[in-house]
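Before any comments, here is the structure.
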Amino acid sequence: MKSCVRWSIGALLIAVFLPLMSCGGGGAPGGGGGGITVTISPTTVTVGLNGTVLFSVTVTGATDPSVTWSATQGTIVPTGATSAQYTAPGFATTATVRVTSVQDPTKFREATVTVAVGTSTVTGRVVRDGSSSGIAGVIVDFFDGGGTLLTSATTNSTGNFSRAVPLDAVRFHLRNSSVPTGYYKAYEYNAKRYSTLITTCSAPLPALVENGTVPLATTVEVPPTSLPPPPPPNGCQ
Numbered sequence: 001m002k003s004c005v006r007w008s009i010g011a012l013l014i015a016v017f018l019p020l021m022s023c024g025g026g027g028a029p030g031g032g033g034g035g036i037t038v039t040i041s042p043t044t045v046t047v048g049l050n051g052t053v054l055f056s057v058t059v060t061g062a063t064d065p066s067v068t069w070s071a072t073q074g075t076i077v078p079t080g081a082t083s084a085q086y087t088a089p090g091f092a093t094t095a096t097v098r099v100t101s102v103q104d105p106t107k108f109r110e111a112t113v114t115v116a117v118g119t120s121t122v123t124g125r126v127v128r129d130g131s132s133s134g135i136a137g138v139i140v141d142f143f144d145g146g147g148t149l150l151t152s153a154t155t156n157s158t159g160n161f162s163r164a165v166p167l168d169a170v171r172f173h174l175r176n177s178s179v180p181t182g183y184y185k186a187y188e189y190n191a192k193r194y195s196t197l198i199t200t201c202s203a204p205l206p207a208l209v210e211n212g213t214v215p216l217a218t219t220v221e222v223p224p225t226s227l228p229p230p231p232p233p234n235g236c237q
């Protein structure tokens, strides 16, 4: 009789616990949950001064897919539910564009924008005054409107030079120390005279074209000391 009772109790316990063991741990629908993901495109881009870039965003896992945009430099304005237009400032810098989920502000993505000054290739030739003979080794300096030296070029054996210069370059000047012995410290360009001894006495560049090539209006003529001294400069600005 006792053995029957023990068996009955054991069978009862198995009948109760076996279904529970087979049910697993339970949990909310969807398991652990996917969470919100924000993606921005492009992630890195280079743009010129005051240039524009169109960004797009994709938000997944959110019941509210709306976003907000921000930029550390320049401005960014939404152009739709999934896009925004960035406008770069008028100076060279590196900016960060951020797009953030409205539903969960801890979810965001960032893009890096490099704002760079574009370039134009300037070509020209430095020659001996009164002839077509080129002068080698002359350094041509390029300046912005504030007189800051931006870049330089050196003439080759035929007096020619070519240099990619920033678009904010507006003037050029022959470096005094590079004018060879046997020449006056002066030059003539586009019917105007300049002195290499005066660093602020520079000649105007023609209008530059981004990613284009712009030749100087005329050759740059340096008078040899075998000729009479040149008249005073009249092109300094």
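If you're matching positions, the sequence shown starts at 1 in the working numbering and goes up one per residue. Here a beta-carbon is modelled for each residue, glycine too, at the ideal position from N, C-alpha and C.
Reduced DSSP category for serine 162 - H, G, I as helix; E, B as strand; rest coil: The sequence position of residue 162 within the sequence shown is 162, counting from 1. If DSSP states are grouped into helix, strand and coil, serine 162 belongs with the strands.
Would you report the Cα separation of arginine 175 and valine 209, rounded to the nearest angstrom? Locating residue 175 in the sequence shown gives position 175, where the first residue counts as 1. Locating residue 209 in the sequence shown gives position 209, where the first residue counts as 1. Rounded to whole angstroms, arginine 175 to valine 209 spans 25 Å at the Cα level.
Where does glycine 90 land, buried or exposed, given buried means 16+ other C-beta within 10 angstroms? Taking the sequence shown and counting its residues from 1, one reaches residue 90 at position 90. Exposed.
Can you pull the DSSP bridge partners for glutamine 85? Here residue 85 refers to the residue found at position 85 of the sequence shown. The partner list for glutamine 85 (beta bridge, DSSP) reads Leu54 and Val77.
Name the DSSP beta bridge partners of phenylalanine 143, please? Start at 1 with the first residue of the sequence shown, and residue 143 comes out as number 143. Residue pairing by DSSP places phenylalanine 143 opposite Leu149 and Arg171 in a beta bridge.
Alpha carbon to alpha carbon, how far is arginine 109 from proline 65? Give it in angstroms, no decimals. Residue numbering aside, residue 65 sits at position 65 when the sequence shown is read from its first letter. Residue numbering aside, residue 109 sits at position 109 when the sequence shown is read from its first letter. Roughly 14 Å between the two C-alpha positions.
Just to confirm, are serine 120 and leucine 167 a CB contact at a threshold of 8 Å? Locating residue 120 in the sequence shown gives position 120, where the first residue counts as 1. Locating residue 167 in the sequence shown gives position 167, where the first residue counts as 1. Yes.
Residue interval of the beta strand (DSSP E) (run including isoleucine 40): Indexing the sequence shown from 1 puts residue 40 at position 40. Segment 37-41, the beta strand (DSSP E) holding isoleucine 40.
When the Cα atoms are used, what is the spatial distance from threonine 218 to arginine 128? Working through the sequence shown from its first residue, we reach residue 218 at position 218. Working through the sequence shown from its first residue, we reach residue 128 at position 128. Straight-line Cα distance between these residues: approximately 13 Å.
At least three beta-carbon pairs within less than 8 Å, the region 134-143 to the region 153-163: In short, these stretches touch, since the Cβ pair count reaches three.
Taking 8 Å as the threshold (C-beta atoms), are threonine 52 and threonine 79 in contact? Looking up residue 79 in the sequence shown gives position 79. Looking up residue 52 in the sequence shown gives position 52. The answer is no: Cβ separation not under 8 Å.
Here's the rule: buried if 16 or more other CB atoms are within 10 angstroms of the residue's CB, otherwise exposed. What is alanine 207? Within the sequence shown, numbered from 1, the residue matching residue 207 stands at position 207. Exposed, by the Cβ-count rule.
How would you call serine 101, buried or exposed, if buried means at least 16 neighbouring beta carbons within 10 angstroms? If you number the sequence shown from 1, residue 101 lands on position 101. Residue burial annotation: serine 101 is buried, with at least 16 other C-beta atoms found within 10 angstroms of its C-beta.
Leaving out five residues on either side along the sequence, give the residues of the same chain with a beta carbon under 6 Å from the beta carbon of serine 226. Numbered from its first residue, the sequence shown carries residue 226 at position 226. Taken in chain order, the list of residues that qualify is empty.
Serine 274 in three-state terms, based on DSSP: Not covered by the structure: residue 274. The range shown for the chain is 1 to 237.
Based on the DSSP output, what are the partners of threonine 213 in its beta bridges? As a first step, residue 213 must be located in the sequence shown, where it is residue number 213. Under DSSP, the beta-bridge partners assigned to threonine 213 are Thr121.
Buried versus exposed, by CB contacts within 10 Å (16 or more), alanine 71: The sequence position of residue 71 within the sequence shown is 71, counting from 1. Under this definition alanine 71 is a buried residue.
Excluding the 5 residues preceding and the 5 following glycine 61 in the sequence, name in chain order all residues of the same chain whose CB lies nearer than 7 Å to its CB. Taking the first residue of the sequence shown as 1, we reach residue 61 at position 61. Listed in chain order, the non-local C-beta contacts of glycine 61 below 7 Å within the same chain comprise Gly34, Gly35, Ile36 and Thr37, local neighbours out to five positions each way being set aside.
Could you please give me the residues that DSSP links to alanine 136 through a beta bridge? As a working mapping, residue 136 is identified with position 136 in the sequence shown. Per DSSP, none; premise fails for alanine 136.
Residues in its own chain within less than 6 Å of valine 122 by CB, not counting five upstream and five downstream? Taking the sequence shown and counting its residues from 1, the one referred to as residue 122 is at position 122. Here valine 122 has Arg163, Val165 and Val214 as same chain residues with Cβ atoms under 6 Å from its own Cβ, once five neighbours each way along the sequence are excluded.
By how many angstroms is the C-alpha of glycine 147 removed from the C-alpha of lysine 185? Taking the sequence shown and counting its residues from 1, one reaches residue 185 at position 185. Taking the sequence shown and counting its residues from 1, one reaches residue 147 at position 147. Approximately 20 Å between the Cα atoms of the pair.
Who are the near neighbours of leucine 135 in its chain, counting only those whose CB is closer than 8 Å to its CB and skipping five residues on each side? Sequence index remark: in the sequence shown, residue 135 carries index 135 (1-based). Leucine is not the amino acid found at residue 135; the sequence shown has isoleucine there. Taken in chain order, the residues that qualify are Val126, Val127, Arg128, Thr155, Gly159, Pro180, Tyr183 and Val222.
Helix, strand or coil: which one does DSSP assign to serine 177? The residue labelled residue 177 in the question sits at position 177 within the sequence shown. Here serine 177 sits in helix by DSSP.
Suppose the cutoff is 8 Å on Cβ atoms and the five residues either side in sequence are ignored; what does the same chain contact list for glycine 27 look like? As a position in the sequence shown, residue 27 is number 27, starting the count at 1. Only weak support exists for where glycine 27 lies, its pLDDT of 34 falling under 50; the coordinates are left without a value.
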